[in-house]
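In the working numbering, the protein residues as written are 1275 to 1830.
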Amino acid sequence: MFEENGFSSLIILACALLALVGGPKLWQRLQLSLAKHPSMAGHLRWAKRLANWAPAYDYPGEQWFRVDHAPEAVGTQRRHALQRLGSTLAQRSPQTLALTQATKPMVSDMQLISRYRVPFQFQKFLSDNLQIGSYWAHSKGVWVADADEQRHLDVTGSYGVNLFGADFYKSCMQEGMDLVRDLGPVLGAYHPCVQENVTMLCQIARKDEVSFHMSGTEAVMQAVRLARYHTGKRKVVRFTGAYHGWWDDVQPGPGNPMPPSNDTLTLNEMHPQTLKVLRQRKDIACVLVNPLQAMHPNKAAPSDSTLIDGSRQLSYDKAAYAQWLKELRQVCDEKGIAFIMDEVFMGFRLGLGGAQAFFGVDADMVTYGKTLGGGFPVGVVCGKAAWMRRFHEEKPGNICFARGTFNAHPSVMGAMNVFLKRVQGPAIQAAYQKMEGLWIDRMRQLNDQLLGQDLPVRVVGMATVWSVVYEVPSRYNWMLQFYMREQGIALSWVGTGRIIFNFAFEDEHFAEFCQRFIRAAQAMQNDGWWWTGQGQSNRTIRREVMREMVRIKWAL
Ligand SMILES: Cc1ncc(COP(=O)(O)O)c(C=O)c1O
């Protein structure tokens, strides 16, 4: 399935020569370099340097509207459009915006996400002219309403938690609380429902043991710690662009003030050189796989903050990804490396058996979180007994410590109990049966409509997780998120890079979504944001942005 081109053969030859001169250490180093993805995301030290180097600047007034050298008339049209959009959103949701403005100076997370919704050069002028609220007051079915009762179709996905619709989780939370009411806040020993939870989890994940945590990040930390404990090795392999929570060892590079740890290797996913490195090295404890990456191997989550042109591309190939996981599994077996499937995001979304069943691979440990808490915060590791054991029979002092005050909190366990029983019930089992075909068909329906309307956007995705891709090399593609908001579609702060549907979307809701999405794209087109000058391409845009940065940095 993999092809090596002539160029990489040349590099290998050069490496072999160097290794003869430099010895096995250098040879190993060079092999590792060849297993890195060629993009910046594969070279984290460079990515950090570039991120630190990039100068701050913004497009003021007139330039903001015509940074693509559009004619004055188009600039004016865009200016009017922004004014209209800003005042429509402000008039509709005054209380929501007031709450947002009052809270923002005191909540660093709100400041971060409102700053990184769009490419940074556009941010300041945009926030002076258009605001969106950060508060929701109600949810019902596929809808969320803000503090001004403005209803939006909810495709934020609540970071991936919302898989079955808001009402499903409300009742899991309520019934779960009822179930554990008599025990209340008691921690340490478990509520009796935990026995059922553990049995169901072991069956679903096809594993022997379970450990409970408070978040997906903690579940990943624990799985990695266990892998290190049992192998006696330090190195963790993650793949380029894959998110596994915000713990230092799995989130190296920009966003983390520490330099990338030498114990984390970020390798090229779906590449034979990666398998070679795994086979050759003796210091690897585990490989972490985030199955969401099947949508865009070796790329980070497609966020509108980096949408400076129209080059966003996704390449989901189920069969190729399944084949990759099979080969990865084989190397892990040969080398005694722990294969950790991180299903914190995708768990239960692709079916009851999750990504393991969907792609046909049996992991050593699986991490879950998000939706499994039935609406409450959770992290879970399910694993084979040999990997989950936290002590050695022969060495009483050699334990693998992991505790957490709120692990297995009664409310979480109660809601999880309701969740696990419901997902195995006939209604959700029937929904799983038709899930894949249904969402492929819906994607086709929307793309046909977009094509029919001559709109330069398409949707791509895996099951219920979609992204918008753009056919126009425009500097303003990120504006679509605000037109969608105007049409009453709620996106997460990542914008049009992640549209996360849930199973409560019936055909009529989906039809409503399509109508609103198309209206948003039409308005965006009519307002001139997709005007493109002759010769403008994604490449010319990127060059221009780079030139701007160099000019500003060195005051040229
Ligand atoms: C695949 C994956 N792993 C781990 C995490 C971290 O989970 P949490 O945010 O609950 O710590 C996430 C969160 O998005 C995730 O998507």
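A virtual CB, placed ideally from N, CA and C, is assigned to each residue, including glycine.
- residue 1517 CB to nearest heavy atom of ligand 1 below 7 Å: Here residue 1517 refers to the residue found at position 243 when the sequence shown is read from its first residue. Under cutoff, so the answer is yes.
- Message: For residue 1485, tell me which candidate among 1458, 1656, 1639 has the shortest Cα-Cα distance.
- Response: In the sequence shown, the residue the question calls residue 1485 occupies position 211. The shortest C-alpha separation from residue 1485 is found at 1656.
Just verifying my parser: in three-state terms, what is the DSSP assignment at residue 1577?
Position 303 of the sequence shown, counting from 1, holds the residue named residue 1577. Coil.
From residue 1480 to residue 1796, what distance separates their C-alpha atoms? Residue numbering aside, residue 1480 sits at position 206 when the sequence shown is read from its first letter. Residue numbering aside, residue 1796 sits at position 522 when the sequence shown is read from its first letter. Cα to Cα, the separation comes out at about 48 Å.
Straight-line gap, residue 1644 to residue 1671 (C-alpha atoms, nearest Å)
Numbered from 1 along the sequence shown, position 370 holds the residue referred to as residue 1644. Numbered from 1 along the sequence shown, position 397 holds the residue referred to as residue 1671. Roughly 34 Å separates the two Cα atoms.
Does the distance from the C-beta atom of residue 1764 to that of residue 1418 stay below 8 Å? Taking the first residue of the sequence shown as 1, we reach residue 1764 at position 490. Taking the first residue of the sequence shown as 1, we reach residue 1418 at position 144. The answer is yes: Cβ separation under 8 Å.
What is the DSSP secondary structure of residue 1431, counted as helix, strand or coil?
-> Reading the sequence shown from its first residue, position 157 is the one you call residue 1431. Helix, per DSSP.
Practice task
State the Cα-Cα distance for the pair residue 1605 and residue 1591, rounded to the nearest angstrom.
Solution key: Position 331 of the sequence shown, counted from the first residue, corresponds to residue 1605. Position 317 of the sequence shown, counted from the first residue, corresponds to residue 1591. Going from the Cα of residue 1605 to the Cα of residue 1591 covers about 21 Å.
Q) Would residue 1420 pass as a contact of residue 1370 if the rule is Cβ separation under 8 Å? A) Start at 1 with the first residue of the sequence shown, and residue 1420 comes out as number 146. Start at 1 with the first residue of the sequence shown, and residue 1370 comes out as number 96. For residue 1420 and residue 1370, yes; Cβs fall inside 8 Å.
Residue 1494 to residue 1357 span [Cα, whole Å]:
Residue 1494 sits at position 220 when you count from the first residue of the sequence shown. Residue 1357 sits at position 83 when you count from the first residue of the sequence shown. Their Cα atoms are separated by approximately 45 Å.
Cβ neighbour criterion (16 or more within 10 Å) applied to residue 1741: Indexing the sequence shown from 1 puts residue 1741 at position 467. By the 10 Å Cβ count, residue 1741 comes out buried.
* Grouping DSSP H, G and I as helix and E and B as strand, with all else coil, what is residue 1275? -> Here the question's residue 1275 lines up with position 1 in the sequence shown. Confidence is the limiting factor: at residue 1275 the pLDDT is only 39, short of 50, which leaves the residue's position unreliable and the question unanswerable from this model.
In whole angstroms, give me the CA-to-CA distance for residue 1333 and residue 1760. To locate residue 1333, count along the sequence shown from 1; it is residue 59. To locate residue 1760, count along the sequence shown from 1; it is residue 486. Cα-Cα distance, rounded: 24 Å.
Review point. Within 7 Å: the Cβ of residue 1616 and any heavy atom of ligand 1?
Key: Sequence index remark: in the sequence shown, residue 1616 carries index 342 (1-based). Indeed, a heavy atom of ligand 1 lies less than 7 Å from the Cβ.
I'd like the list of long-range same chain contacts for residue 1344, defined as Cβ closer than 6 Å, with 5 residues on each side in sequence excluded. The residue given as residue 1344 occupies position 70 in the sequence shown. 1805.
Q. Among residues of its own chain, excluding the 5 on either side of residue 1743, which ones have a beta-carbon nearer than 6 Å to its beta-carbon?
A. Start at 1 with the first residue of the sequence shown, and residue 1743 comes out as number 469. The answer, listed in chain order, is 1586, 1732, 1734.
query = Taking buried to mean at least 16 other C-beta atoms within 10 Å of its own C-beta, is residue 1724 buried or exposed?
reply = On the sequence shown, position 450 is the one that residue 1724 refers to. With 16 or more other Cβ atoms within 10 Å, it is buried.
- Mark residue 1552 as exposed unless 16 or more other C-beta atoms lie within 10 angstroms of its C-beta, in which case mark it buried. As a first step, residue 1552 must be located in the sequence shown, where it is residue number 278. So residue 1552 counts as buried.
> Which partner residues does residue 1643 have in the DSSP bridge list?
Replying inline: Taking the sequence shown and counting its residues from 1, the one referred to as residue 1643 is at position 369. DSSP lists 1653 as partners of residue 1643.
Return the residue from the list 1425, 1542, 1632, 1746 that minimises the CA-CA distance to residue 1308. Counting from 1 along the sequence shown, the entry for residue 1308 is found at position 34. The candidate whose alpha carbon is nearest that of residue 1308 is 1542.
Secondary structure at residue 1738, three-state DSSP: helix, strand or coil? The residue you call residue 1738 lines up with position 464 of the sequence shown. Residue 1738 falls in the coil class under three-state DSSP.
Exercise. Nearest to residue 1648 by CA position, among 1706, 1597, 1437, is which residue?
Worked result: For the purposes of this step, residue 1648 is taken as residue 374 along the sequence shown, with counting starting at 1. Nearest of 1706, 1597, 1437 to residue 1648, Cα basis: 1437.
query: Between residue 1758 and the rest of its own chain, which residues show a CB-CB distance below 8 Å, the 5 nearest in sequence each way excluded?
result: Reading the sequence shown from its first residue, position 484 is the one you call residue 1758. 1765, 1770, 1790, 1791, 1794, listed in sequence order.
Review point. Would you say residue 1318 faces chain D, with C-beta separation under 8 Å as the test?
Key: Protein chain content of the structure displayed is limited to a single chain, and chain D is not contained in it.
| field | Residues bridged to residue 1414 [DSSP beta-bridge criterion] | value | Numbered from its first residue, the sequence shown carries residue 1414 at position 140. DSSP output for residue 1414 lists 1417 as bridge partner(s).
* Determine the direct distance from the alpha carbon of residue 1306 to that of residue 1278, and round the result to whole angstroms. => One-based indexing of the sequence shown puts residue 1278 at position 4. One-based indexing of the sequence shown puts residue 1306 at position 32. The predicted model places residue 1278 with a pLDDT of 42, which falls under 50 and marks its position as unreliable; any figure quoted below should be read in that light. For residue 1278 and residue 1306, the distance between alpha carbons rounds to 16 Å.
Specify the secondary structure class of residue 1814 as computed by DSSP and reduced to three states. Here the question's residue 1814 lines up with position 540 in the sequence shown. Three-state DSSP puts residue 1814 in a helix.
Where do the ends of the beta strand (DSSP E) carrying residue 1509 lie? Along the sequence shown, one-based indexing puts residue 1509 at 235. That run of the beta strand (DSSP E) goes 1509-1513.
Checklist entry - When every heavy atom of ligand 1 is checked, does at least one fall within less than 7 Å of the C-beta of residue 1566? => result Sequence index remark: in the sequence shown, residue 1566 carries index 292 (1-based). Within the cutoff, so yes.
Kindly examine ligand 1 and report whether one of its heavy atoms sits closer than 7 Å to the Cβ of residue 1573.
Position 299 of the sequence shown, counting from 1, holds the residue named residue 1573. No; taking the cut-off as 7 Å, the Cβ of residue 1573 has no heavy atom of ligand 1 nearer than that.
If I measure Cβ to Cβ from residue 1355 and keep anything under 6 Å in the same chain, skipping five residues before and after, which residues do I get? One-based indexing of the sequence shown puts residue 1355 at position 81. Take residue 1355, set aside five residues on each side of it, and the residues of its chain with a beta-carbon closer than 6 Å to its own are 1801, in chain order.
**Item:** residue 1635 versus residue 1615 - alpha carbon distance
**Value:** Here residue 1635 is taken as the residue at index 361 of the sequence shown, counted from 1. Here residue 1615 is taken as the residue at index 341 of the sequence shown, counted from 1. About 9 Å.
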